[in-house]
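First residue of the sequence shown? That's 1 in my numbering, and the numbers climb one at a time after it.
Positions of the beta carbon are idealized from the N, C-alpha and C atoms, including for glycine.
Keep in mind it's a predicted model, so treat the numbers as computed, not measured.
To start, the structure under review is shown below, and the notes come after it.
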Amino acid sequence: MNRLTAAQARDIAGPTAEERLELRLGEALNAVREAAEKKKREIALRGDFWTHGGYGQTADWIAACNALRNLGYEVDFFYEERQFVNMYTIVRW
């Protein structure tokens, strides 16, 4: 019999919603730190999560935006349709 450990089962199952939120929040805050060190006051988050999640208003994207808002950031979604679609999440501080 091939026994599956709890650690193996967690690896197979992937991250929980809370772990995914922490990962996305960490990515955003790292980008904020880099921009703030360059004296900027806003960033555009363009990764798949921040573009498609924002466009679809997914529960994970909303949770990540709310977590940023709880830290005092302003968060908006930008969408512009021309020859190509331009969309991203804006974070301001």
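For residue i, which of helix, strand or coil comes out of DSSP?
{"i": "Y55", "result": "helix"}
{"i": "L68", "result": "helix"}
What is the C-beta distance between residue i and residue j, in whole angstroms, given that I count them as a contact (C-beta under 8 Å)?
{"i": "W61", "j": "G53", "result": "3 Å"}
{"i": "L45", "j": "V91", "result": "6 Å"}
{"i": "F77", "j": "T89", "result": "6 Å"}
{"i": "R41", "j": "W93", "result": "6 Å"}
{"i": "I43", "j": "A31", "result": "5 Å"}
{"i": "V75", "j": "R82", "result": "That pair is no contact at about 24 Å."}
Between the options, which lies nearest to residue i when the distance is taken from Cα to Cα?
{"i": "A63", "options": "E81, V32, E19, Y88", "result": "E19"}
{"i": "T51", "options": "N2, A9, N86", "result": "N86"}
{"i": "A28", "options": "R82, F84, E80, N66", "result": "N66"}
Following the continuous beta strand (DSSP E) through residue i, name the residue where it begins and the one where it ends.
{"i": "N86", "result": "85-92"}
{"i": "L4", "result": "Note, L4: premise wrong, no beta strand (DSSP E); not H, not E."}
{"i": "Y79", "result": "74-81"}
For the alpha helix (DSSP H) holding residue i, just list the boundary residues, first then last.
{"i": "R33", "result": "17-37"}
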